[in-house]
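Number of protein chains: 2
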Amino acid sequence: MNTLSEENYLKCIYRLWQDKGQKITPTAIADSLGNNPASVVDMIRKLTDKQLIVYDKKKGVELTPAGLKDATLIVRRHRLWEVFLLEKLGYHWDEIHDIAEELEHIKDATLADRLDKFLGFPEYDPHGDPIPKANGKMAKRYSTTLADVKAGGHCRVVAVKDTTSQFLQYLQKLGINIGTRIQLLEKIAFDNSLVISINGEEQKTVSQKFGESLLIDL
Amino acid sequence: MNTLSEENYLKCIYRLWQDKGQKITPTAIADSLGNNPASVVDMIRKLTDKQLIVYDKKKGVELTPAGLKDATLIVRRHRLWEVFLLEKLGYHWDEIHDIAEELEHIKDATLADRLDKFLGFPEYDPHGDPIPKANGKMAKRYSTTLADVKAGGHCRVVAVKDTTSQFLQYLQKLGINIGTRIQLLEKIAFDNSLVISINGEEQKTVSQKFGESLLIDL
DNA sequence: AAATAAAATTAGCCAAGACTAATTTTATTT
DNA sequence: AAATAAAATTAGTCTTGGCTAATTTTATTT
Chain S
58 MNTLSEENYL
68 KCIYRLWQDK
78 GQKITPTAIA
88 DSLGNNPASV
98 VDMIRKLTDK
108 QLIVYDKKKG
118 VELTPAGLKD
128 ATLIVRRHRL
138 WEVFLLEKLG
148 YHWDEIHDIA
158 EELEHIKDAT
168 LADRLDKFLG
178 FPEYDPHGDP
188 IPKANGKMAK
198 RYSTTLADVK
208 AGGHCRVVAV
218 KDTTSQFLQY
228 LQKLGINIGT
238 RIQLLEKIAF
248 DNSLVISING
258 EEQKTVSQKF
268 GESLLIDL
Chain C
58 MNTLSEENYL
68 KCIYRLWQDK
78 GQKITPTAIA
88 DSLGNNPASV
98 VDMIRKLTDK
108 QLIVYDKKKG
118 VELTPAGLKD
128 ATLIVRRHRL
138 WEVFLLEKLG
148 YHWDEIHDIA
158 EELEHIKDAT
168 LADRLDKFLG
178 FPEYDPHGDP
188 IPKANGKMAK
198 RYSTTLADVK
208 AGGHCRVVAV
218 KDTTSQFLQY
228 LQKLGINIGT
238 RIQLLEKIAF
248 DNSLVISING
258 EEQKTVSQKF
268 GESLLIDL
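For the protein sequence lines, the chains are S and C, in the order given.
Going by our numbering, the first sequence opens with residue 58, and the numbers climb by one from there.
Going by our numbering, the second sequence opens with residue 58, and the numbers climb by one from there.
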């Protein structure tokens with residue numbers, strides 16, 4: 058059984074691995090968790106001893122099959138609770154992440170599976186991320202962002218890469234949800250700002266960072 | 058905001074206060090939590106500093122109004138989650154206590170109220186304990202036990218005083234639930250064992266300890 | 001290649017919350 | 001009342017999981 062901290066590190070490593078596919082360094086983990094690199098080095102030792110990760114200076118940190126399994130189940134619990142909070146308790150998009158962050162650590166052998174069943178076996182969470190099944194398999198994960206769309210192109214919002222309440226509240230304000238149609242009217246060469254039209258309405262300008270945080274289907 | 062440990066101590070003190078109206082000593086708390094009395098003395102100091110309890114050698118530990126409020130809200134969350142686990146996720150009577158023990162510590166300002174609404178504002182939890190409302194008020198708590206019934210008397214099970222899985226599984230085996238009718242046929246003078254008839258069926262003998270753990274309405 | 005910057009690591013410290021062992025205080029017996 | 005037992009308290013230790021500061025290793029510039 059893993060401690061709360063161990064679970065948070067596993068989840069963090071899993072996310073970094075999914076996000077970039079790049080080398081996962083102690084500094085990257087430290088930045089992601091807001092911890093000191095020295096603390097990360099300690100935890101890398103603990104997780105290595107538990108055979109949940111392998112650390113190689115050249116390759117960085119990698120999850121072992123056991124570590125991947127544990128991390129996947131944490132993510133499964135997180136995303137299922139997010140669905141519950143939004144659909145059953147009526148929370149808003151931007152409120153659920155932090156609460157799910159706590160709920161995901163509840164330990165019980167059958168809880169996730171019962172919750173999954175109760176929710177009707179959802180494939181995606183409210184942010185558009187696929188929910189891993191009990192066996193670790195999950196639906197397709199989208200990777201194209203609004204910033205990848207060609208000028209003039211149309212797309213549909215399928216997920217968000219950033220789940221901070223700042224971003225989600227901004228989306229709310231712009232009237233953007235999962236499923237919203239967006240046309241990319243123009244890319245400003247100077248700073249890669251994007252001029253877009255949301256659901257065919259009046260045009261708005263958003264930043265490159267914004268565009269890279271919104272996952273879309275063409 | 059209270060830590061996990063602080064919350065567990067508050068809940069423990071609350072339970073001891075409800076159970077017996079007796080003096081709450083460090084040893085009693087230690088026994089109840091399975092901790093060392095020395096640890097309890099430390100925590101008494103912490104909670105006193107936070108003005109959640111008052112400790113007087115003569116009177117023992119008492120909750121302040123602030124401490125009572127915090128404790129009541131923890132109990133509220135615990136009992137609401139128990140209802141959720143049983144009614145929505147299909148857990149059995151004896152499985153829900155330990156999971157609720159973890160869920161009760163999830164911190165969010167509106168979670169308990171949303172859950173309460175989602176569950177239809179239940180008055181009692183699956184063990185028959187009244188669920189405190191957001192304002193701290195709650196329905197009547199039963200205090201008469203099967204051991205208090207006179208020989209020949211009839212009664213109806215309304216709650217359990219003991220929520221260990223050992224007891225609850227034993228009840229299950231005997232076919233006793235909330236609402237079950239019991240007749241007390243005889244009290245054995247030797248050891249206060251009770252000869253009972255469950256729902257008018259064949260008679261069984263149970264211990265004094267058993268009788269004192271079952272709350273009834275005459 | 002040498003100099004510099006960045007990243008990783010080590011060493012030592014801290015707080016929370018548990019523990020044991022020893023001591024003091026309070027209660028109970030004889 | 002004195003002796004004994006029980007309860008409370010103090011002092012000091014341990015583990016987890018953070019931290020800072022100093023050092024070593026690795027990368028990047030010049």
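The beta carbon of each residue, even a glycine, is placed where N, CA and C say it ideally should be.
Per-residue contacts from residue i into chain S (C-beta, under 9 Å)
i      : result
C:E159 : H162, I163, K164, D165
Same chain, Cβ closer than 6 Å to residue i, five either side skipped, listed in chain order
i      : result
C:L104 : I110
S:L90  : C69
C:G236 : none
C:I131 : E64, K68, E161
C:R198 : P187
C:H135 : A157, E161
C:T129 : P189, G193
S:S222 : D151
Contact set between residue i and chain S, taken where Cβ atoms lie within less than 7 Å
i      : result
C:F175 : K145, L146
Beta-carbon contacts of residue i that lie in its chain and below 7 Å, excluding the five residues immediately before and after
i      : result
C:P183 : E139, V140, L143, W150, I153
S:A123 : Q108, L109
S:P179 : V140, I188
C:I156 : L142
C:K85  : The identity of residue 85 of chain C in the sequence shown is Ala, whereas the question assumes Lys. Around C:A85: L73.
C:D127 : N59, L67, L109
C:V98  : P83
Contacting residues, own chain, Cβ-Cβ under 8 Å from residue i (five flanking each side not counted)
i      : result
S:T202 : K218, G268, E269, S270, L271, L272, I273
S:Q265 : A204, D248, N249, S250, L251
C:T82  : G117, V118
C:L168 : R134
Nearest candidate by alpha-carbon position, reference residue i, set the options
i      : options                        : result
S:A208 : S:E243, S:V118, S:M100, S:I239 : S:E243
C:G177 : C:K80, C:Y112, C:L137          : C:L137
S:K145 : S:D113, S:F175, S:I239         : S:F175
S:G210 : S:R238, S:R198, S:A191         : S:R238
C:N192 : C:D170, C:P179, C:C212         : C:D170
S:G257 : S:A87, S:V118, S:C212, S:P83   : S:C212
C:I245 : C:E259, C:A216, C:A87, C:V263  : C:V263
C:K115 : C:Q79, C:Y181, C:E159          : C:Q79
S:Q240 : S:A95, S:L275, S:A216, S:N59   : S:L275
S:K230 : S:I255, S:Y181, S:A216, S:Y71  : S:I255
S:V206 : S:G147, S:I253, S:L225         : S:I253
C:S26  : C:Q75, C:S62, C:L61            : Lying before the first or after the last residue shown, residue 26 of chain C is absent from chain C, which here runs from 58 to 275.
S:P94  : S:R72, S:R133, S:Y66, S:L61    : S:Y66
C:N59  : C:T221, C:D173, C:I163         : C:I163
C:S96  : C:D113, C:Y71, C:S62           : C:S62
C:G185 : C:D113, C:L172, C:D99, C:I233  : C:I233
S:V215 : S:Y181, S:L172, S:Y227         : S:Y181
C-beta neighbour in chain C for residue i, strict 9 Å
i      : result
S:L120 : no
S:L172 : yes
Cutoff 9 Å: residue i Cβ touching any chain S Cβ
i      : result
C:I245 : no
Proximal residues of chain C, C-beta to C-beta of residue i below 8 Å
i      : result
S:I156 : I163, D165, L168
Would you mind listing the alpha helix (DSSP H) stretches within the segment 160–229 of chain S that are 4+ residues and don't spill past its ends, in chain order? Counting whole runs of 4 or more residues, the segment 160–229 of chain S contains the alpha helix (DSSP H) stretches 168–175.
Secondary structure, alpha helix (DSSP H): runs of 4+ residues fully inside the segment 87–169 of chain C: Look at the segment 87–169 of chain C and you find these whole runs of alpha helix (DSSP H), each 4 residues long or longer: 94–106, 122–140, 153–160.
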